[in-house]
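In the UniProt record's numbering, the protein residues as written are 1 to 1064. We put the CB at the ideal spot given by N, CA and C, even for glycine. As the structure is a prediction and not an experimental result, all values here were calculated from the model. Comments concern the structure below.
Written as structure tokens, this is what we have:
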């Protein structure tokens, strides 16, 4: 994949939004079985004949950069797309049958054409650059020491192998300085060889071959008796050289001189010959006889190949001097067995093949091919495992999850039975085998071999390696889990400090499962990570038991407990006990711990208390929950509800339970709607109409009709409407706050700032009951109008929504003798509702938030100085003398040079320059600073408690450019973290590492309900943890190299090593 593979569209064709989406008025087709070479440019050129093309997307493999074999093409008009789909479907192109399908707008994902118009750097080039940097990085003293020890071990092992073969050879290792000296010496020798010799100045110019032969004589050190002095004549000197040359090049040479020997031959002159050179030197087909050489001194023909490799002497090794029938003799020698064997030996020598290669080359090549095929099969099996536990469980099977393997019919000999249920894994493997050649061949082979083994009566696998057996798959799953843990623990150790989040829940088999989540900051990309590192069974839920569990998990992952700076829990008694609580034990072994009571839990507890603080409040949410249960508990009532609401809308009522944090807000808003949209989303009228129809229908029993009447009467009360809008006003403030607190990257200071802001807004409306009455009046007017339109034939008097509170009849209290007090009960209904309901609810929520969101005041005060919101005050008034002292106590364990004076100086300097520094933030910050955070709550699952998910925003900062993450990003971007603001950078990392919630554990438990369900209630702890890691940490899973998994699997046994690892 290169940059030229992407089509550069014109500006008019470029989409206007950052995220390229297929518009509803455009047509998109899916192309499958796309042949190799039919890429963007070819597609655009080909499909332009049908109509105008707006976008083309050919997905590429992240690993290889090659096309995956399918594509999406967007046309300007849907009609054109439909014509193209009909025309191109089953169209034969380059020996492949295309699959063309028109995609309706509701099936086109928003990110289908996300990257299609962007120039990318190929992954292969990027990975090569990263690997080069890794290999060229400088080694520290410890790494150099380890390298030397490893080198000594390899040399010792090599000497041992040579000695076992009977070879006495001492392997000498040269150091870096010795190698450099040898290299310089060789360079000097090479340069000196190129310089003219002093003796050459007294010689005349010789032929090229004479110089070559002279050099050859000096290399092989042939001593001759006829050495000629330099002062002799030129003719005598040349004769002597030729004479010496004939002795060497026309006799059997030494093995060390073979290259020089064959470099000299063939010697084929054309003058003063006793034969015709062209007829002797060339065959009838005009190909040259390279083996034939002529000795001009002895006047004889020689076979250079037989001189070296023929064990017997013949006329052409002694010198052929009989010229009668010479051409026939040459042809007979060329066809003789001795010459043929010598020629074969010559070709083997020229290709440098050893005996081992000659004897076992075919077996080795077959072995390598078999190992390659085994690795390909295992790659497909690993892919099936990943897909099975990520996509099929969470998406393909309705978020229910099926059992991984069946308990019967798993033998390889039964895989070809179509009527047998083999389990999810094997059935998917068989399905993939239909479209994968390697996998299909492997399945056929193991089925055939397994059948033969069973027919012979043997038990067990009989040495058959299938790679799909239960044991092999367990090894693969454990290897994936181990690699995920290693990657996370390596990242945590590189971060330097981390915090822990811990929580427990009961699974379907009534076992207490504990989730351990690690929070750390990635310094390279300034990203806050919350990673699940373990899910283990908790047998002891006491404070000490939870501490021992965490200590074991950290020890198994090679994480230092002293580097843990904080923890977040749900605030239970076993967690925050002063003497034997979890935090108390953690403080003993890791002093300086910051315990954070989960902000999201605190807010939920406060709201739960407020919904029960008065009789009217409890009545409201009981009414909402009873109405939802009333319709859901009978199919007849649900059918009537669908008729009233409409089949197209399919809106449902939400239960108002305590376990789901969003349930009460959702139940209230579903029925009463919002004044912002004019109450158009409210189902109040539908609820009242449905209840009235049940009440007046003879198809239902009398007790059901009575329940419907009671519920309808409560909904029509004005006090119910007023109370509903009191809580709706509260939820407008606490709802977004709860969702923000559930994000993964929110820091402690931002959480506290959001809580303080929500508290201020609640205080402002604490005595504003008139605003509630105005909204309630509008709602009553809207509801009455809608009821009249919906039920024209019904007597409207029965369905009148009250628009005022009923008058209060109270007796005047008699004064006792001597009593001076004038206290009397409140007679005005609105005034009484304001005092006893509105004020009580608002006072309760304000009091609960103030009461629960306390703790670590000194540390919070120091950390608040790091927030950019306070930079203006810091610049104007400076820092108090006691500021940052508590923070310095926490950070001194990470840097002994850390002190409050240097931190204050760096913070003051940074605060003064912040306005200019924040303007240089990356462009994607500016593009996403107004990005709204959206949350998706699915309340359809009754089994999931505290279920909430959120759409992740792919930026480092989700709120604004005035937050602590932005500050750290500026420090890292300009490398000020390690120089000018080293202390300040450490403080920001400490702040971002501290958790404010432990919502990550709750998200893990939502996944746990999907994976360990009634069908998989007997799942072992190790497999459960592995599947949880694969499902929760998808990003880490997708970044694992398949070769790492295969090598890990191969290292578990000698048999798998033999089948999966090629020999060196």
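> In whole angstroms, what separates the C-alpha of residue 102 from that of residue 57?
Replying inline: 15 angstroms
> Rounded to a whole number of angstroms, what is the C-alpha to C-alpha distance between residue 100 and residue 628?
Replying inline: 46 angstroms
> How many Å lie between residue 974 and residue 963 at the Cα?
Replying inline: 17 angstroms
>> For residue 473 and residue 511, what's the separation of their Cα atoms in angstroms?
In response: 25 angstroms
>> Once DSSP output is grouped into helix, strand and coil, what is the label at residue 6?
In response: Any reading at residue 6 must be qualified, since the residue scores a pLDDT of 40, below 50, and its modelled position is unreliable; the value itself is stated next. Residue 6: coil per DSSP, three-state reduction.
>> Buried or exposed for residue 284, going by 16 or more other Cβ atoms inside 10 Å?
In response: exposed
> Does the segment 612-619 touch the segment 849-866, meaning 3 or more C-beta pairs lie closer than 8 angstroms?
Replying inline: no
>> Using only CA atoms, which one of 258, 672, 776 lies nearest to residue 802?
In response: 776
>> Can you give me the C-alpha to C-alpha distance between residue 413 and residue 108, rounded to a whole angstrom?
In response: 42 angstroms
> With 16 as the cutoff for other CB atoms within 10 Å, does residue 530 come out buried or exposed?
Replying inline: buried
>> Quick check on DSSP: helix, strand or coil for residue 503?
In response: strand
> Closer than 8 angstroms, CB to CB, is residue 161 near chain D or not?
Replying inline: The structure shown contains no chain D; it is built from a single protein chain.
> In this structure, does DSSP put residue 529 in helix, strand or coil?
Replying inline: strand
> In the DSSP assignment, what residue or residues form a beta bridge with residue 515?
Replying inline: 503, 535
>> By the three-class DSSP mapping on this structure, what secondary structure does residue 657 have?
In response: coil
> Should the segment 1024-1037 be called in touch with the segment 621-639, which here means at least 3 C-beta pairs below 8 angstroms?
Replying inline: no
>> I'd like the list of long-range same chain contacts for residue 477, defined as Cβ closer than 8 angstroms, with 5 residues on each side in sequence excluded.
In response: 385, 1023, 1026, 1027
> To the nearest angstrom, how far is it from the Cα of residue 387 to the Cα of residue 609?
Replying inline: Any reading at residue 387 needs caution, since the residue's pLDDT is 46, under 50, leaving its predicted position unreliable; the model's value is listed next. Roughly 43 angstroms between the two C-alpha positions.
> Would you say the segment 728-743 touches the segment 659-666, given that touching needs at least three Cβ pairs under 8 angstroms?
Replying inline: yes
>> With distance defined between alpha-carbon atoms, name the residue in 280, 273, 301 nearest to residue 249.
In response: 301
> Shortest alpha-carbon distance to residue 322 belongs to which of 308, 564, 298?
Replying inline: 298
> With 16 as the cutoff for other CB atoms within 10 Å, does residue 272 come out buried or exposed?
Replying inline: exposed
>> Restricting to Cα atoms, I'd like to know which of 274, 880, 310 is closest to residue 291.
In response: 310
>> When you compare the segment 530-550 with the segment 476-495, are there three or more beta-carbon pairs, one atom per stretch, that lie closer than 8 angstroms?
In response: yes
> When burial is assigned at 16 or more other CB atoms within 10 Å of the CB, is residue 293 buried or exposed?
Replying inline: buried
> Are residue 374 and residue 1021 closer than 8 angstroms when you measure CB to CB?
Replying inline: no
> Between residue 326 and the rest of its own chain, which residues show a CB-CB distance below 6 angstroms, the 5 nearest in sequence each way excluded?
Replying inline: 275
>> Quick check on residue 695: buried or exposed, where buried means 16 or more other Cβ atoms within 10 Å of its Cβ?
In response: buried
> Are the segment 441-452 and the segment 991-1007 touching, with three or more C-beta to C-beta distances below 8 angstroms?
Replying inline: no
>> Is the beta carbon of residue 50 closer than 8 angstroms to that of residue 80?
In response: yes
> Do residue 592 and residue 565 have their C-beta atoms within less than 8 angstroms of each other?
Replying inline: yes
> Just the Cα atoms here: how many angstroms apart are residue 570 and residue 503?
Replying inline: 7 angstroms
> Going by the CB atoms, is the gap between residue 787 and residue 721 shorter than 8 angstroms?
Replying inline: no
>> Is it the case that the segment 867-877 contacts the segment 898-913, given that we only count it when at least three CB pairs across the two stretches are under 8 angstroms?
In response: yes
>> Rounded to whole angstroms, what is the Cα-Cα separation between residue 259 and residue 306?
In response: 15 angstroms
> What is the rounded straight-line gap between the Cα of residue 526 and the Cα of residue 713?
Replying inline: 57 angstroms
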